[in-house]
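Worksheet: one structure, shown below.
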Amino acid sequence: MPGPETAGTLHVVATPIGNLDDLSPRAQRILREVDAVCAEDTRHSRQLLAHFGIATPLLALHEHNEEQLAGRLVARLQGGDALALVSDAGTPLVSDPGYRLVRAARRAGVRVSPVPGPSALVAALSVAGLASDRFVFEGFLPAKAAARRERLAGLAAEPRTLIFYESSHRIADTLDDMRASFGGGRPAVLARELTKLFETVLDGSLDQLAAALAADPNQRRGEFVVLVEGAGDAADARLAHGRRVYALLAAHLPPSTAARLAAELSGAPRKALYGQEPA
Numbered sequence: 001m002p003g004p005e006t007a008g009t010l011h012v013v014a015t016p017i018g019n020l021d022d023l024s025p026r027a028q029r030i031l032r033e034v035d036a037v038c039a040e041d042t043r044h045s046r047q048l049l050a051h052f053g054i055a056t057p058l059l060a061l062h063e064h065n066e067e068q069l070a071g072r073l074v075a076r077l078q079g080g081d082a083l084a085l086v087s088d089a090g091t092p093l094v095s096d097p098g099y100r101l102v103r104a105a106r107r108a109g110v111r112v113s114p115v116p117g118p119s120a121l122v123a124a125l126s127v128a129g130l131a132s133d134r135f136v137f138e139g140f141l142p143a144k145a146a147a148r149r150e151r152l153a154g155l156a157a158e159p160r161t162l163i164f165y166e167s168s169h170r171i172a173d174t175l176d177d178m179r180a181s182f183g184g185g186r187p188a189v190l191a192r193e194l195t196k197l198f199e200t201v202l203d204g205s206l207d208q209l210a211a212a213l214a215a216d217p218n219q220r221r222g223e224f225v226v227l228v229e230g231a232g233d234a235a236d237a238r239l240a241h242g243r244r245v246y247a248l249l250a251a252h253l254p255p256s257t258a259a260r261l262a263a264e265l266s267g268a269p270r271k272a273l274y275g276q277e278p279a
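Per UniProt numbering, the sequence shown runs over residues 1 to 279.
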C-alpha cells in the first residue's frame, strides 16, 4: 500500500540516462511504494526495475495512447492510488511523452510531485563550457531536411546558447545544416553517450566537429546532445539574420540582388552575404 507521501499522488520520476548508479535512493523508494509505474516502454523499464529488485506493476503510457489513458489514470489517482511516471531515460516530458497526463492530473486537483534526477540536456550543458545563464532547448530537429533547415535558419540570430538532441543516423546531416545556417566558425559542443562507457564531449567550431565525425566513424554512434554558442554581439546577430534572409531570397532571385536586399533588410555587410549557399 502507498505510504502517506505517495497516496493519491502522481510522481514524475527521473531515471538514468546511462549509468544505473544515477537512480537516486528516493527514486528507488518511490518506484517501490507506488501502485503502478507508467512507462514509455515497459520492456525497457522492466529491466531497470529488475536491476534494483523492484516488482511494481508497469503500465504502457506513450504518445499513441496517452490521451486515451489519462482519464482512467486520473480516476485511479483520485481514488487514492499512487502512480509514478517514467520515460525510457532521463527526466520525463523532456522530449518524451507525459505532459497530457500531468496536465489532466493537475486540472483534476491531483498532486503531482517531481522526483528529480538525470537529464541529458542539463548534463551536457554542465560540461560544455558555453554560456549557461540563458539557453534555448529545441529538442529534436525535424527529420526532413527542408524543415530542419528552416528551423535552424530561424535560430541563426538567437543570442542564447542553443541545445538540441540528435540521433546517430542524422547527426552528420544536422551538423552540415548548422554550418550552413550558423556559419562553420560558430563554437559548439558535441556530447555523446553521456554517463555511458563511451562518453565523449568534443568542442570546437562547427566545421571542426563535422570534420571530427567524418574522420572517426565511432563518433557518429550513440545518442547526442548538440550545443551551439549563441549569436553573440549585435554585429554577429545582424550577420546571422542577413544570411537567413539571403538564403530565403536566393531561392528566387539572382545572388547579387538577393545579397543587396538582404543587406538592406538586415543591416549586415553585403559582401559577407554574397555567394552564401542557401540553407
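For every residue, glycine included, the Cβ atom is placed at its ideal position computed from N, Cα and C.
All values derive from a computational prediction rather than experimental measurement.
Inset, instruction - Using the Cα positions of Thr-174 and Arg-160, report the straight-line distance between them to the nearest angstrom. - result: 19 Å
Inset, instruction - Taking only the alpha-carbon atoms, compute the straight-line gap between Ala-89 and Pro-16 and give it to the nearest angstrom. - result: 6 Å
Inset, instruction - Would you mind sorting Leu-265 into buried or exposed? The rule is 16 or more other CB atoms within 10 Å of its CB. - result: exposed
Inset, instruction - Tell me Val-115's beta-bridge partners as DSSP assigns them. - result: Val-13
Legend entry - Cβ neighbour criterion (16 or more within 10 Å) applied to Thr-9: Per the 10 Å Cβ criterion, buried.
Legend entry - Neighbourhood of Glu-199 by C-beta distance below 6 Å, restricted to the same chain and skipping five residues each side: Glu-193
Legend entry - Residue from Ser-205, Ala-172 and Ala-268 with nearest C-alpha to Val-189: Ser-205
Inset, instruction - Let me know the secondary structure DSSP gives Asp-203 once reduced to three states. - result: It is a strand residue.
Inset, instruction - Classify Gln-219 as buried or exposed, calling it buried when 16 or more other Cβ atoms lie within 10 Å of its own Cβ. - result: buried
Inset, instruction - List the DSSP bridge partners of Gln-161. - result: According to the sequence displayed, residue 161 carries Thr and not Gln. DSSP output for Thr-161 lists Phe-135 as bridge partner(s).
Inset, instruction - Counting only the same chain and skipping the five closest in sequence on each side, list residues whose C-beta sits under 6 Å from that of Arg-32. - result: Ile-54
Inset, instruction - Count the other C-beta atoms from every protein chain shown that fall within 10 angstroms of the C-beta of Glu-67, then say buried if there are 16 or more, exposed otherwise. - result: Exposed.
Inset, instruction - Leaving aside the five residues before and after Leu-249 along the sequence, list all residues of the same chain whose C-beta is less than 7 Å from its C-beta, in chain order. - result: Ala-258, Leu-261 and Ala-262
Legend entry - Beta-carbon contacts of Thr-140 that lie in its chain and below 8 Å, excluding the five residues immediately before and after: It should be pointed out that residue 140 corresponds to Phe in this sequence rather than to Thr. Within the same chain, Phe-140 has close Cβ partners Ser-95, Phe-164, Tyr-165, Glu-166 and Ser-167.
Inset, instruction - Assign Ala-247 to one of two classes, buried (16 or more other C-beta atoms within 10 Å of its C-beta) or exposed (fewer than that). - result: buried
Inset, instruction - Please specify which runs of the alpha helix (DSSP H), each continuous and at least 4 residues long, are wholly inside the segment 41-70, giving them in chain order. - result: 42-51
Inset, instruction - Name the one or two DSSP bridge partners that Glu-166 has. - result: Bridge partners of Glu-166: Phe-224.
Legend entry - Other residues of its chain near Ala-279: CB distance less than 6 Å, five sequence neighbours each side excluded: For Ala-279, the pLDDT reaches just 44, beneath the cut-off of 50, and the residue's location in the model is therefore unreliable, leaving the point undetermined.
Inset, instruction - Could you tell me which residues DSSP puts in a beta bridge with Gly-140? - result: Going by the sequence as given, residue 140 is Phe instead of Gly. Its beta-bridge partners are Tyr-165.
Inset, instruction - Could you please give me the residues that DSSP links to Arg-192 through a beta bridge? - result: BP columns for Arg-192 point to Thr-200 and Phe-224.
Inset, instruction - Please name the residue, chosen from Leu-209, Ala-172, Gln-208 and His-11, that lies closest to Asp-35 on a Cα-to-Cα basis. - result: His-11
Legend entry - Val-37: first and last residue of the uninterrupted beta strand (DSSP E) it sits in: 36-39
Legend entry - Backbone secondary structure at Leu-83 - three-state DSSP: Leu-83 falls in the strand class under three-state DSSP.
Inset, instruction - Classify Gly-242 as helix, strand or coil using the three-state DSSP reduction. - result: helix
Inset, instruction - Return the CA-CA distance between Ala-104 and Gly-184, expressed in angstroms with no decimal places. - result: 44 Å
Inset, instruction - Please state whether DSSP places Pro-217 in a helix, a strand or coil. - result: helix
Inset, instruction - Give the straight-line distance between the Cα atoms of Leu-195 and Asp-236, rounded to the nearest whole angstrom. - result: Note on residue identity: the sequence assigns Thr, not Leu, to residue 195. Near 34 Å, if we compare the C-alpha coordinates of Asp-236 and Thr-195.
Legend entry - Cutoff 8 Å; reference Val-102; Cβ partners in own chain excluding five residues on either side: Leu-10, Val-12, Leu-85, Leu-93 and Val-112
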